[in-house]
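Visitor: Structure provided below as structure tokens; questions to follow.
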Ligand code: ZN
């Protein structure tokens with residue numbers, strides 16, 4: 115059974131630390147960590163989580179995109195663990211859109227991200243994969259990948275005027291429903 119882990123917040127050292135490469139994906143602690151991360155992400159209504167957010171500075175991210183209260187337009191995909199991910203290439207095109215983070219509750223910001231990224235990663239069985247993520251999933255990946263380098267989404271904003279509080283964000287997206295912001 116997977117366990118709910120505490121999500122560490124901005125201000126804790128682990129959120130600003132650089133994650134170490136996972137040497138043995140078959141290690142029972144790594145496999146348990148992955149199960150717990152998926153469980154914790156879902157329980158928190160997140161669409162992704164990175165290991166440093168649960169106080170493990172290891173290069174593992176989960177992408178678990180599905181529509182939720184926090185992200186009503188997210189595509190549905192099976193929760194995927196990406197171990198030791200690398201960005202091989204990316205689009206020139208950059209899109210600015212809203213993000214939030216389980217480690218910075220109550221804050222939303224418009225963040226510029228590549229619209230497409232080509233990613234190399236190892237899965238939880240030790241197999242290597244190359245995938246191309248686009249749009250929302252590309253955004254989620256880049257957000258989680260940043261966590262492995264001790265970066266959070268507000269580090270990426272163009273202006274502090276692009277940062278808003280959750281309550282006002284709900285008002286803003288209500289106003290611009292259906293439009294790309
Ligand atoms: Zn985050």
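Numbering (our numbering), first residue to last: 115 to 295.
Backbone N, C-alpha and C define an ideal beta-carbon position, used for all residues, glycine too.
All of these numbers come straight from a predicted model, not from anything done at the bench.
1. Pull up the DSSP beta-bridge partners for residue 200, would you.
2. Whole angstroms is fine: what's the gap from residue 131's alpha carbon to residue 160's?
3. Considering only their Cβ atoms, is the gap separating residue 176 from residue 136 smaller than 9 Å?
4. Apart from the five residues on each side of it in sequence, which residues of its chain come closer than 7 Å, Cβ to Cβ, to residue 133?
5. Identify whether residue 244 lies in helix, strand or coil by the three-state DSSP scheme.
6. Just how far apart, CA to CA, sit residue 223 and residue 286?
7. Count the other CB atoms, across all protein chains shown, that sit within 10 Å of the CB of residue 293; report buried if there are 16 or more and exposed otherwise.
8. Count the other CB atoms, across all protein chains shown, that sit within 10 Å of the CB of residue 125; report buried if there are 16 or more and exposed otherwise.
9. Which two residues bound the contiguous beta strand (DSSP E) that contains residue 174?
10. Please determine, among 181, 275 and 243, the residue with the shortest C-alpha to C-alpha distance to residue 251.
11. Assuming residue 150 and residue 116 are in contact, meaning their beta carbons sit under 8 Å apart, how far apart are those beta carbons, in whole angstroms?
12. Can you give, in chain order, each stretch of the beta strand (DSSP E) that sits fully within the segment 119–198 and has at least 3 residues?
13. By the DSSP assignment, the beta strand (DSSP E) with residue 211 in it spans what residues?
14. So, using beta-carbon positions, are residue 179 and residue 189 closer together than 9 Å?
15. Judging by CA-CA distance, which residue of 152, 278 and 232 is the nearest neighbour of residue 200?
16. If you draw a straight line from the alpha carbon of residue 244 to that of residue 162, how long is it in whole angstroms?
17. Is the closest heavy atom of the ligand ZN to the C-beta of residue 215 under 8 Å?
Guide: To lay it out plainly:
1. Along the chain shown, read from residue 1 onward, the residue named residue 200 stands at position 86. The partner list for residue 200 (beta bridge, DSSP) reads 234.
2. Taking the chain shown and counting its residues from 1, the one referred to as residue 131 is at position 17. Taking the chain shown and counting its residues from 1, the one referred to as residue 160 is at position 46. In a straight line, the C-alpha of residue 131 is about 21 Å away from that of residue 160.
3. The count along the chain shown starts at 1 and reaches residue 136 at position 22. The count along the chain shown starts at 1 and reaches residue 176 at position 62. No; because the gap between Cβ atoms is not below 9 Å, this pair is not in contact.
4. In the chain shown, the residue the question calls residue 133 occupies position 19. Closer than 7 Å at the Cβ level, and outside the excluded window around residue 133, lie 165, 166, 171, 172, 173 and 262.
5. Here the question's residue 244 lines up with position 130 in the chain shown. If DSSP states are grouped into helix, strand and coil, residue 244 belongs with the strands.
6. On the chain shown, position 109 is the one that residue 223 refers to. On the chain shown, position 172 is the one that residue 286 refers to. So the two alpha carbons sit approximately 12 Å from each other.
7. The residue given as residue 293 occupies position 179 in the chain shown. Note that residue 293 scores 44 on pLDDT, short of 50, meaning its location in the model is unreliable and no value can be drawn from it.
8. For the purposes of this step, residue 125 is identified with residue 11 of the chain shown, where counting begins at 1. Its Cβ having fewer than 16 others within 10 Å, residue 125 is exposed.
9. Counting from one through the chain shown, the residue named residue 174 turns up at place 60. Element bounds for residue 174: 174–177.
10. Numbered from 1 along the chain shown, position 137 holds the residue referred to as residue 251. Checking every option, the nearest Cα to that of residue 251 belongs to 181.
11. In the chain shown, the residue the question calls residue 150 occupies position 36. In the chain shown, the residue the question calls residue 116 occupies position 2. Indeed, because the Cβ distance is near 5 Å, the residues count as touching under 8 Å.
12. 162–164 and 174–177
13. The residue given as residue 211 occupies position 97 in the chain shown. Where residue 211 is concerned, the enclosing beta strand (DSSP E) stretches over 208–213.
14. Position 65 of the chain shown, counted from the start, is the residue given in the question as residue 179. Position 75 of the chain shown, counted from the start, is the residue given in the question as residue 189. Yes, Cβ-Cβ distance for residue 179 and residue 189 is below 9 Å.
15. As a position in the chain shown, residue 200 is number 86, starting the count at 1. Answer by Cα proximity: 232.
16. Against the chain shown, residue 244 aligns to sequence position 130. Against the chain shown, residue 162 aligns to sequence position 48. Going by the C-alpha atoms only, they are around 19 Å apart.
17. Position 101 of the chain shown, counted from the first residue, corresponds to residue 215. The answer is yes for residue 215.
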